[in-house]
Amino acid sequence: GKRQYKRDFLLGFQFMAACT
Amino acid sequence: VVVEPHVKHPLQNRWALWFYKNDKSKMWQDNLRLITKFDTVEDFWALYNNIQLVSKLSSGCDYSVFKDGIEPMWEDRRNKCGGRWLITLSKQQRHTELDRFWKETLLCLIGEGFGSFSRDVCGAVVNVRAKGDKIAVWTTNTENGEAVTYIGRKYKEGLGLPPKLVIGYQAHADTATKSNSITKNKFVV
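For the record, the sequence lines run as chains A and B.
In terms of our numbering, the first sequence opens at residue 1 and continues consecutively.
In terms of our numbering, the second sequence opens at residue 1001 and continues consecutively.
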């Protein structure tokens, strides 16, 4: 299927890389 | 203990970030540079978090984010019959809205926020200009009216624009041949 991502899901990743 | 390998979240499309800097001593095409490509949610943010915010770019610069294989220009095969949903910002909005609008635009693109009509999307461009900044979502064919209007409605909603504010869609062919600064809208939402 198509890989659709909702806005809030995408936003959840913004600072993840910086925190791990 | 089994450690799950870190799997990034793949995007439906691979996207390319382009940067344009106005240098009058060079040809238009020489001022346009492909910066990088990305195809996961994680790589998108790694890029986004490490480049200058749009509001901090100097006047005359653009960012463009297009599907891999589509160049951010009218001449590209996938753009030439297309057009753009255009958001024009007032000078004051550079400080209050520009960065937010551009981020929301990118989220609509990479998240395939226009459902099956997302396949009509070519990319998005932000122009930083002294007389007023512009953000546009480019689609592939002005004749695909259902796709164009759906994208326009969802885009307007994504930006959180009030229903009474009208945004317009212009054909690149009209923009390219206009004799004054006003291009007629082919669609409005």
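Where a beta carbon is used, it is the ideal one built from N, C-alpha and C, also for glycine.
DSSP lists B:1010 as the beta-bridge partner residues of residue 1040 of chain B. According to DSSP, residue 1062 of chain B shares a beta bridge with B:1020 and B:1127. Here the C-alpha atom of residue 1077 of chain B lies approximately 13 Å from the C-alpha atom of residue 1068 of chain B. Residue burial annotation: residue 8 of chain A is exposed, with fewer than 16 other C-beta atoms found within 10 angstroms of its C-beta. Against chain A, the CB of residue 1132 of chain B has no partner CB under 8 Å away; the residue lies outside that interface. Beta-bridge partners of residue 1170 of chain B (DSSP): B:1084.
Along the length of the stretch 1099-1124 of chain B, whole alpha helix (DSSP H) runs at least 4 residues long do not occur.
Taking a C-beta distance under 8 Å as the contact criterion, residue 1107 of chain B and residue 10 of chain A qualify as a contact pair. Residue environment: residue 1023 of chain B is assigned as exposed (fewer than 16 neighbouring CB atoms within 10 Å of its CB, all protein chains considered). Residue 1038 of chain B and residue 1109 of chain B have their C-alpha atoms some 13 Å from each other. The stretch 1165-1185 of chain B makes no contact with the stretch 1123-1132 of chain B, as fewer than three CB pairs between them are under 8 Å. Counting along the chain, residue 1156 of chain B sits inside the alpha helix (DSSP H) bounded by residues 1145-1159. Ranked by how close their Cα comes to the Cα of residue 1083 of chain B, the residues B:1051, B:1152, B:1032 and B:1011 have B:1152 in first place. Here residue 1140 of chain B is buried. Its C-beta has 16 or more other C-beta atoms within 10 Å. Contact check for residue 1168 of chain B against residue 1098 of chain B fails: the beta carbons are separated by 8 Å or more. Residue 1085 of chain B has a beta carbon lying at 8 Å or more from every beta carbon in chain A. For residue 1144 of chain B, the closest alpha carbon among the candidates B:1162, B:1116 and B:1102 is that of B:1116.
Between residue 1079 of chain B and residue 1138 of chain B a beta carbon distance of about 6 Å is seen, short of the 8 Å cut, so the two are scored as contacting.
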